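Participant: Let me begin by handing over the structure; questions about it come next.
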Amino acid sequence: MTTENLFELTDYAGYKKQFLNLFGFERADVNYDEDVATDVKFDCVEL
């Protein structure tokens, strides 16, 4: 296996996509350009 034939011999692209999805990256159902509130107040006791 070499760098040149990695994608031919493995499913590296699929592995990378699934790995990133585990941590919330490159998900099709997330709009990464949407504005979000970064300072959200909540009470841990009520959760």
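Numbers given in the numbering used here equal positions in the sequence shown, counted from 1, plus 1432.
Think of the CB as a built atom: it goes at the ideal place given N, C-alpha and C, for glycine as much as any other residue.
Just so we're clear, the structure is a prediction, and the values are computed from it rather than from any experiment.
Could you check what DSSP says for residue 1446 in three-state terms: helix, strand or coil?
Facilitator: Your numbering for residue 1446 matches position 14 in the sequence shown. DSSP places residue 1446 in helix when its eight states are reduced to three.
Participant: Please confirm whether residue 1460 has its beta-carbon closer than 8 angstroms to some beta-carbon of chain C.
Facilitator: No chain C appears in the structure shown, which is made up of a single protein chain.
Participant: Rounded to the nearest angstrom, what separates residue 1433 and residue 1450 at their Cα positions?
Facilitator: As a working mapping, residue 1433 is identified with position 1 in the sequence shown. As a working mapping, residue 1450 is identified with position 18 in the sequence shown. Their Cα atoms are separated by approximately 22 angstroms.
Participant: Near residue 1444, which residues of its chain fall below 7 angstroms by C-beta distance, leaving aside the five closest residues on each side in sequence?
Facilitator: On the sequence shown, residue 1444 is found 12 positions in, with the first residue counted as 1. Correct list, in chain order: 1438.
Participant: Alpha carbon to alpha carbon, how far is residue 1462 from residue 1435?
Facilitator: As a first step, residue 1462 is located in the sequence shown; it is residue number 30 there, counting from the start. As a first step, residue 1435 is located in the sequence shown; it is residue number 3 there, counting from the start. Looking at the two C-alpha atoms, the distance is approximately 31 angstroms.
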